[in-house]
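Beneath this line is the structure, given in structure tokens, with notes to follow.
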Amino acid sequence: MMSIAEAFFARFYDRMTAGAEKAGLRAHRQALLTKASGKVLEIGGGTGANLPFYGSGVASLSITEPSEPMARRLERRLEQHEVPAEVVRAPAEELPFESGSFDAAVSTLVLCTVGDQARALSELRRVLRPGGRLLFIEHVRSQAPRLARWQERLNPLQRVIGCGCNCNRATLDSAQAAGFTITEVARDELHKVPPWVRPLVVGVAES
Ligand SMILES: C[S@@+](CC[C@H](N)C(=O)[O-])C[C@H]1O[C@@H](n2cnc3c(N)ncnc32)[C@H](O)[C@@H]1O
0 MMSIAEAFFA
10 RFYDRMTAGA
20 EKAGLRAHRQ
30 ALLTKASGKV
40 LEIGGGTGAN
50 LPFYGSGVAS
60 LSITEPSEPM
70 ARRLERRLEQ
80 HEVPAEVVRA
90 PAEELPFESG
100 SFDAAVSTLV
110 LCTVGDQARA
120 LSELRRVLRP
130 GGRLLFIEHV
140 RSQAPRLARW
150 QERLNPLQRV
160 IGCGCNCNRA
170 TLDSAQAAGF
180 TITEVARDEL
190 HKVPPWVRPL
200 VVGVAES
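9 is the number that numbering that gives the first Met the number 0 gives to position 10 of the sequence shown; each next residue is one higher, with no gaps.
Structure (structure tokens):
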């Protein structure tokens, strides 16, 4: 069922993230997505912010999105792009795809929000072929203890303002626990957002 918060989040998402996109997020998307090729899965596609950056090496793109208002926006955005893509209404915790069916998977600012992160990572690993790559941009728990403590305290607030987004997740550790090998990682900050959502990891994990 569509909640008012979900509808609001979808309606204003692009406006809320415009500053961060301009201040570096878009550049990260562009650089990372050159690495996507073959059969690609993107989870939690949102309003389609990654669409402009998929290249001609992408044979097919399946984008999952469980939020109906986001999925509708995504479908409208897809009409403006030539990427061979389909939108699939499904949560990352229950991916409706055969095991080993993708060459690459993409998660940008989604593993912070999925209800069950371990399950979503295990599903991502299942649907990737052996050696397939998960390309990620995720904001995470800080490595600085003081900020990490604030992230714990502020997480209940963050979950409300970010429509279920958590600011305290050690996503790289979780990916490793799910069996991924982190092969590339750069640490940066999201800009133009509150300090507790700034710590950012960008990279590649191999299944
Ligand atoms: C912060 S937005 C990120 C959107 C987009 N990936 C981006 O980079 O701009 C989080 C997205 O995750 C989606 N989402 C929430 N729960 C999810 C789940 N369990 N599985 C997959 N996506 C989910 C939301 O609907 C939303 O579109």
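The beta carbon of each residue, even a glycine, is placed where N, CA and C say it ideally should be.
Please read all numbers here as calculations on a predicted model, not as lab measurements.
* From which residue to which residue does the alpha helix (DSSP H) around H27 run? -> For this step, residue 27 is matched to residue 28 along the sequence shown. Element bounds for H27: 25 to 32.
* Asked: Alpha carbon to alpha carbon, what distance is there between L32 and M69?
  -> Within the sequence shown, residue 69 is the residue found at index 70, counting from 1. Within the sequence shown, residue 32 is the residue found at index 33, counting from 1. If I take the Cα positions, the gap works out to 21 Å.
* Own chain partners of A128 with C-beta closer than 8 Å, once the 5 adjacent residues on each side are dropped -> Locating residue 128 in the sequence shown gives position 129, counting from the first residue. For the record, residue 128 in the displayed sequence is Arg; it is not Ala. Cβ neighbours of R128 beyond the five flanking positions: G99, S100, F101, D102, S206.
* Within the present structure, is the beta-carbon of L108 separated from the nearest heavy atom of ligand 1 by less than 6 Å? -> By 1-based counting over the sequence shown, the position of residue 108 is 109. Flag set: Cβ of L108 near ligand 1.
* Asked: Should the stretch 169 to 178 be regarded as contacting the stretch 60 to 68, the criterion being three or more beta carbon pairs within less than 8 Å?
  -> no
* To do: Report yes or no: do three or more beta-carbon pairs, one from the stretch 105 to 125 and one from the stretch 36 to 51, lie closer than 8 Å?
  => yes
* Asked: Nearest to R132 by CA position, among V200, L77, T182, is which residue?
  -> The count along the sequence shown starts at 1 and reaches residue 132 at position 133. Measuring from the Cα of R132, the nearest candidate turns out to be T182.
* **Proximity to L73 [Cα-Cα], best of Y12, G23, V192** => Working through the sequence shown from its first residue, we reach residue 73 at position 74. Selected option, being the one with the closest Cα: Y12.
* At what residues does the alpha helix (DSSP H) containing R76 begin and finish? -> The sequence position of residue 76 within the sequence shown is 77, counting from 1. First-last of the alpha helix (DSSP H) with R76: 67 to 77.
* Is the closest heavy atom of ligand 1 to the C-beta of T170 under 6 Å? -> Here the question's residue 170 lines up with position 171 in the sequence shown. Checking every heavy atom of ligand 1 against the Cβ of T170, none is found closer than 6 Å.
* Asked: Ends of the beta strand (DSSP E) at R132?
  -> Along the sequence shown, read from residue 1 onward, the residue named residue 132 stands at position 133. First-last of the beta strand (DSSP E) with R132: 127 to 138.
* Who are the Cβ neighbours of G258 in its own chain at under 6 Å, not counting the five residues just before and after it? -> The shown model of the chain, from 0 to 206, leaves out residue 258, and the question about it has no answer.
* To do: Assuming V139 and V87 form a contact by the criterion Cβ under 8 Å, report the distance between their Cβ atoms to the nearest whole angstrom.
  => Counting from one through the sequence shown, the residue named residue 139 turns up at place 140. Counting from one through the sequence shown, the residue named residue 87 turns up at place 88. Between V87 and V139 the Cβ distance is about 26 Å, and since that is not below 8 Å, they are no contact.
* Asked: Would the beta-carbon of P129 be found less than 6 Å away from any heavy atom of ligand 1?
  -> The residue labelled residue 129 in the question sits at position 130 within the sequence shown. P129 Cβ: outside cutoff for every heavy atom of ligand 1.
* Own chain partners of M0 with C-beta closer than 6 Å, once the 5 adjacent residues on each side are dropped -> Walking along the sequence shown from the start, residue 0 turns up at place 1. For M0, the predicted model reports a pLDDT of 47, less than 50, meaning its position is unreliable; a value from the coordinates is still stated below. If we look at M0 and ignore the five residues flanking it on each side, it has no Cβ neighbours.
* Assign D187 to one of three DSSP states: helix, strand, or coil. => Counting from 1 along the sequence shown, the entry for residue 187 is found at position 188. Note: D187 maps to strand in three-state DSSP.
* **Residues of its chain near H211, where Cβ-Cβ distance is below 6 Å and the 5 sequence neighbours each way are ignored** => Here the chain has residues from 0 to 206 only, and residue 211 is not among them.
* To do: Report yes if the CB atom of C166 is closer than 7 Å to the CB atom of T112, and no otherwise.
  => Start at 1 with the first residue of the sequence shown, and residue 166 comes out as number 167. Start at 1 with the first residue of the sequence shown, and residue 112 comes out as number 113. In this structure, T112 does not lie closer than 7 Å to C166 by Cβ.
* Thinking C-alpha only, which one of Y53, P95, R186 is nearest T170? -> In the sequence shown, the residue the question calls residue 170 occupies position 171. T170 has its Cα closest to that of R186, out of Y53, P95, R186.
* Which same chain residues, not among the five before or five after G130, have their C-beta less than 8 Å away from its C-beta? -> By one-based count along the sequence shown, residue 130 stands at place 131. These residues qualify, in order along the chain: E205, S206.
* S173 lies in the alpha helix (DSSP H); which residues open and close that run? -> The residue you call residue 173 lines up with position 174 of the sequence shown. From DSSP, the alpha helix (DSSP H) with S173 extends over 170 to 176.
* Asked: Does the separation of the CB atoms of K19 and V192 fall below 7 Å?
  -> In the sequence shown, residue 19 corresponds to position 20, counting from 1. In the sequence shown, residue 192 corresponds to position 193, counting from 1. Sequence inspection shows Ala at residue 19; the Lys mentioned does not correspond to that position. Yes, these two residues count as a Cβ contact at 7 Å.
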